[in-house]
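Comments concern the structure below.
2 protein chains.
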Amino acid sequence: MDTRLATMSTPEDEQDEQDEVDRIVEAWQRERGDLEVTPLHVLSRVSRLARHLDLARGSAFAQHRLEGWEFDVLSALRRAGAPYELSPGQLVKQMLVTSGTMTNRVDRLERRGLVHRKPRPGDRRGVIVGLTQEGRKVVDSAMADLLDRERELLAELPERERRQLAELLRRLLLPFEP
Amino acid sequence: MDTRLATMSTPEDEQDEQDEVDRIVEAWQRERGDLEVTPLHVLSRVSRLARHLDLARGSAFAQHRLEGWEFDVLSALRRAGAPYELSPGQLVKQMLVTSGTMTNRVDRLERRGLVHRKPRPGDRRGVIVGLTQEGRKVVDSAMADLLDRERELLAELPERERRQLAELLRRLLLPFEP
DNA sequence: ATCAAGTATCTTGATATCAAGCTATTTGAG
DNA sequence: CTCAAATAGCTTGATATCAAGATACTTGAT
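Protein chains in written order, with the working numbering: chain A, 1472 to 1649; chain B, 1472 to 1649.
Okay, here's the thing in structure tokens:
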């Protein structure tokens, strides 16, 4: 199959080449002409980009011996501000994971000395998770590296388009998190 | 905290309210004024939207008793066109998973009668994975439901903005998949 | 004062995933 | 023709995740 032909046949003449999603949409149109598959142009790209981003994050954190999910927990505590403490329940809400998952994450981070648990004063059901000094050091340097890596990925787009993109994504996101 | 105040203080006066990412960026700016955290405006939204999309996909597939990863495999076979066959290696390349993962996925789909394996003619190392009739029926109806659900999510944006968004995402994606 | 309902966290069992390595087969250099 | 390297798919062991439910405590209605 010659992709140059396909490029010629697109309605708007973008100078850019096809990406994987363009090929997927084309295949669906060939196979199921009866379906309106254009939503894939936006949402499949969101999924695929998130997947690549996840892999990039993984490599940015590797130097700090951190998994992506470990960073997520530490950074939530870090940006909460001094004294860098949150309950497991608050962490669960921010990360869209189950409580069992969070128990496991905190267990592991505690074993590595990056966070500590303490009883919550006045509510004996409750626990407070806090950053250790080591934890804060690690998350601060990992965050700097993550931002460097993210800036590289965004280098494709000039400032104006970045803002546009952020605004369009916000509008899709708002129904989920008002 | 009163979010109405925050809305007033944003530099550009968008009529929309804050989303979770705006709050995260604000928190980082408060805690680490020295870091340039604006990349999060795009990339954290991509991650979060992908997560929500994943959950939405899950509920769209539930009626068909399909997991998201099962649909991914079936749909790759479906859009390959008749006779709906691909090698495990081709499936691995399309989905960014390891070969062990794919073996497991195909095993499970085979047990459910949605795909079948057969030896590849002329190469005795090789295997060909193909859709069964049942598999094709299931993926066709699941795809229709998925697109319905995706259209709902995109209802926020008029056609013009959808195209814009797709084009901006393509530019970020191209370096990964030329 | 009592107790049902709600809340906060943890436990258990199942499973999808990955990294690393294994086996069988094909390819290509000499 | 021979054999090292490449390729294709599978196996194994470890782990992060989830769903469901257990445990312990708090709140609120009566």
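All C-beta atoms in this analysis are idealised placements derived from N, C-alpha and C, irrespective of residue type, glycine included.
Status (buried if at least 16 other CB within 10 Å, exposed otherwise) for residue i
i	result
Q1489/B	buried
D1493/B	buried
A1553/B	exposed
L1621/A	A small correction: the amino acid at residue 1621/A is Glu; Leu does not occupy that position in the sequence shown. E1621/A should be labelled buried.
R1549/A	buried
R1596/B	exposed
E1541/A	buried
E1630/B	exposed
R1536/A	exposed
G1606/A	buried
Beta-carbon proximity check, residue i vs residue j, cutoff 7 Å
i	j	result
V1586/B	L1567/B	no
E1556/A	I1599/A	yes
V1517/A	L1520/B	yes
E1491/B	E1648/A	yes
P1510/B	L1511/A	no
Inter-residue CB distance, residue i and residue j (contact presumed, cutoff 8 Å)
i	j	result
E1627/B	P1559/A	With a Cβ gap of about 33 Å, E1627/B and P1559/A do not count as contacting.
L1639/A	L1644/B	Actually they do not touch by this definition, with Cβ atoms about 15 Å apart.
V1544/A	L1580/A	6 Å
R1588/B	V1577/B	7 Å
Residue i Cβ short of 6 Å to the ligand ATP heavy atom set
i	result
L1520/B	Only the bare structure without any ligand can be found here, which leaves the ligand ATP out of the picture.
Reference residue i, options the options, closest by Cα
i	options	result
D1616/A	A1531/A, R1550/A, V1513/A	A1531/A
Q1500/B	E1507/A, D1594/A, H1535/A, S1546/A	S1546/A
H1523/A	R1528/B, L1514/B, L1618/B	L1514/B
E1538/A	R1583/A, E1502/A, E1491/A	R1583/A
Q1534/B	S1612/B, R1596/B, V1577/B	S1612/B
D1619/A	R1536/A, V1508/A, R1631/A, A1527/A	A1527/A
E1502/B	T1574/A, T1569/A, G1571/A, A1551/A	A1551/A
G1529/B	G1504/B, T1574/B, S1570/B, M1614/B	M1614/B
Practice task
Please go through the stretch 1550–1596 of chain B and give each complete alpha helix (DSSP H) segment of 4 or more residues, from N-terminal end onward.
Solution key: Listed in chain order, they are 1559–1566, 1570–1582.
Problem - Length-filtered (4 minimum) alpha helix (DSSP H) runs lying within the stretch 1587–1648 of chain B - result: If only uninterrupted alpha helix (DSSP H) runs of at least 4 residues are considered, those enclosed by the stretch 1587–1648 of chain B are 1604–1625, 1630–1644.
Practice task
Just list the alpha helix (DSSP H) runs in the stretch 1513–1553 of chain B, keeping only unbroken ones of 4 residues or longer that don't cross its boundaries, in chain order.
Solution key: DSSP runs (the alpha helix (DSSP H)) wholly in the stretch 1513–1553 of chain B: 1539–1550.
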